[in-house]
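J.: Have a look at this one before I ask anything.
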């Protein structure tokens with residue numbers, strides 16, 4: 020079978036590999052679609068993993084299941100999560116699924132950018148979902164990123180109906196966060212970016228204000244939109260210190276600043292504890308998602324809140340995976356890029 024293996028940032032090779040064998044609790048999936056995550060185009064992030072077959076936004080068809088598998092059968096169209104938590108440890112009981120040691124150790128074999136993927140028994144049992152007939156495989160590839168937005172907004176930020184929400188960075192995750200925030204009842208939704216195309220898409224999808232940070236002062240724009248009260252929730256997409264500082268300047272009294280992407284290791288954020296204390300600001304992070312989030316994400320997609328039709332701008336066959344990654348890394352006139360394995364699907 021074919022796999023797209025990353026050896027370094029910009030060095031992705033299409034290679035041949037054996038089809039994985041499955042155990043009694045495992046399943047084998049024929050891949051249909053796999054999204055390219057923005058995190059997989061961060062040089063410092065992927066170099067720590069190389070060599071690796073990337074791809075953690077997969078959807079496909081079960082073609083073989085182990086003898087002990089229950090609840091799934093060959094022919095099922097599925098979303099499969101790349102990690103699965105144990106659901107019983109202290110961290111899982113607290114809802115920190117992506118901090119669970121079992122979650123960190125689990126993985127699809129060899130990764131979503133392969134013709135066939137073995138789903139380990141734990142992943143299959145804990146966090147694999149059958150796709151409703153009305154949803155396409157492309158919709159299925161949006162389950163994982165949508166689930167990340169669900170965790171960030173609902174379980175981490177505890178967003179409230181009526182909140183004024185600012186999202187900095189309107190790539191695919193910014194767009195999904197905006198759609199889910201509106202679904203959760205955002206009163207005012209402000210999108211910020213420096214790419215005009217992405218700001219136009221955000222406006223078309225329902226943002227109340229789109230701020231080009233290369234031309235406008237973001238804090239002034241947010242103040243104008245909120246009668247100087249600033250945002251109740253600020254989600255910072257880019258993992259850069261300037262973006263975080265900009266987000267902090269836009270966070271209102273009693274508000275929450277959520278870091279959606281990590282900075283490169285070794286960087287330090289300078290803050291004023293006095294300012295945080297006297298303004299009662301909450302600083303939180305959100306990393307990946309867990310089983311409750313993927314289930315809610317699938318429901319949100321089924322409702323038509325987040326769909327491939329709204330968000331997918333580029334599609335590439337596996338042989339052109341390098342072009343797909345380059346499109347995501349350029350972060351210009353694109354939103355969601357998918358790898359398509361079978362044009363007939």
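Numbering (the numbering used here), first residue to last: 20 to 364.
The C-beta atom is built at its ideal place from N, Cα and C for all residues, glycine as well.
In this text the structure is predicted, and so the values were computed from the model without any measurement.
1) Taking a contact to mean a Cβ-Cβ separation below 8 Å, would you say residue 249 touches residue 225 in this structure?
2) Kindly indicate which three-state DSSP category residue 306 falls into: helix, strand or coil?
3) What are the start and end residues of the alpha helix (DSSP H) that includes residue 153?
4) For residue 103 and residue 115, I'd like the C-alpha separation in whole angstroms.
5) Are there 16 or more other CB atoms within 10 angstroms of the CB of residue 32, so buried, or fewer, so exposed?
6) Name, in chain order, the residues that DSSP records as bridge partners for residue 53.
7) Can the beta-carbon of residue 205 be found closer than 8 Å to that of residue 232?
8) When DSSP labels each residue in this structure, what does residue 109 get in the three-state scheme?
9) State yes or no: is the C-beta of residue 21 within less than 8 Å of the C-beta of residue 337?
10) Along the chain, which unbroken stretches of the alpha helix (DSSP H) at least 4 residues long are found entirely within the segment 265-306?
11) Give the straight-line distance between the Cα atoms of residue 63 and residue 139, rounded to the nearest whole angstrom.
12) Which runs of the alpha helix (DSSP H) at least 4 residues long sit entirely within the segment 208-258? Give them in chain order.
13) For residue 31, name the three-state secondary structure that DSSP assigns.
14) Which term fits residue 359, buried or exposed, when burial requires 16 or more other beta carbons within 10 angstroms of its beta carbon?
15) Is it the case that the Cβ atoms of residue 189 and residue 154 are separated by a distance below 8 Å?
16) Going by beta-carbon coordinates alone, are residue 45 and residue 143 separated by less than 8 Å?
17) Going along the chain, which residues of its own chain have a beta-carbon closer than 7 Å to the beta-carbon of residue 51, five neighbours each way excluded?
18) Suppose the cutoff is 7 Å on Cβ atoms and the five residues either side in sequence are ignored; what does the same chain contact list for residue 41 look like?
19) DSSP state of residue 116, grouped into three classes?
20) Which whole runs of the alpha helix (DSSP H) in the segment 310-341 are 4 residues long or more, in chain order?
21) Report the three-state DSSP secondary structure of residue 352 (helix, strand or coil).
22) Could you compute how far the alpha carbon of residue 133 sits from the alpha carbon of residue 34?
23) Please tell me whether residue 160 and residue 357 are closer than 8 Å, where the distance is taken between their beta carbons.
24) If we count the other Cβ atoms within 10 Å of its Cβ and call it buried at 16 or more, is residue 68 buried or exposed?
T.: Per the coordinate set shown:
1) Counting from 1 along the chain shown, the entry for residue 249 is found at position 230. Counting from 1 along the chain shown, the entry for residue 225 is found at position 206. Not a contact, by the Cβ cut-off of 8 Å.
2) Translated into positions along the chain shown, residue 306 becomes position 287. If DSSP states are grouped into helix, strand and coil, residue 306 belongs with coil.
3) On the chain shown, position 134 is the one that residue 153 refers to. Neither: residue 153 is in no alpha helix (DSSP H) and is coded neither H nor E.
4) By 1-based counting over the chain shown, the position of residue 103 is 84. By 1-based counting over the chain shown, the position of residue 115 is 96. Distance between the alpha carbons of residue 103 and residue 115: 12 Å.
5) As a first step, residue 32 is located in the chain shown; it is residue number 13 there, counting from the start. Residue 32 comes out exposed.
6) For the purposes of this step, residue 53 is taken as residue 34 along the chain shown, with counting starting at 1. DSSP output for residue 53 lists 77 and 358 as bridge partner(s).
7) Within the chain shown, numbered from 1, the residue matching residue 205 stands at position 186. Within the chain shown, numbered from 1, the residue matching residue 232 stands at position 213. For residue 205 and residue 232, no; Cβs fall outside 8 Å.
8) Indexing the chain shown from 1 puts residue 109 at position 90. Looking at residue 109 - three-state DSSP - the assignment turns out to be helix.
9) Taking the chain shown and counting its residues from 1, the one referred to as residue 21 is at position 2. Taking the chain shown and counting its residues from 1, the one referred to as residue 337 is at position 318. A contact, by the Cβ cut-off of 8 Å.
10) 292-298
11) As a first step, residue 63 must be located in the chain shown, where it is residue number 44. As a first step, residue 139 must be located in the chain shown, where it is residue number 120. Answer to the nearest angstrom: the Cα atoms are 28 Å apart.
12) 215-223 and 237-244
13) Residue 31 sits at position 12 when you count from the first residue of the chain shown. If DSSP states are grouped into helix, strand and coil, residue 31 belongs with the strands.
14) By 1-based counting over the chain shown, the position of residue 359 is 340. Under this definition residue 359 is a buried residue.
15) Along the chain shown, read from residue 1 onward, the residue named residue 189 stands at position 170. Along the chain shown, read from residue 1 onward, the residue named residue 154 stands at position 135. No, the Cβ-Cβ distance between residue 189 and residue 154 is not below 8 Å.
16) Here residue 45 refers to the residue found at position 26 when the chain shown is read from its first residue. Here residue 143 refers to the residue found at position 124 when the chain shown is read from its first residue. Yes, they are a contact pair.
17) Position 32 of the chain shown holds residue 51. Taken in chain order, the residues that qualify are 78, 79, 80, 156, 360, 361 and 364.
18) Translated into positions along the chain shown, residue 41 becomes position 22. 47, 83, 85 and 137.
19) Working through the chain shown from its first residue, we reach residue 116 at position 97. In this structure, residue 116 counts as helix in the three-state DSSP scheme.
20) 310-321 and 327-330
21) Mapped onto the chain shown, residue 352 falls at position 333. Coil, per DSSP.
22) The residue you call residue 133 lines up with position 114 of the chain shown. The residue you call residue 34 lines up with position 15 of the chain shown. So the alpha carbons of these two residues sit roughly 10 Å apart.
23) Numbered from 1 along the chain shown, position 141 holds the residue referred to as residue 160. Numbered from 1 along the chain shown, position 338 holds the residue referred to as residue 357. Yes; because the gap between Cβ atoms is below 8 Å, this pair is in contact.
24) As a first step, residue 68 is located in the chain shown; it is residue number 49 there, counting from the start. Under this definition residue 68 is an exposed residue.
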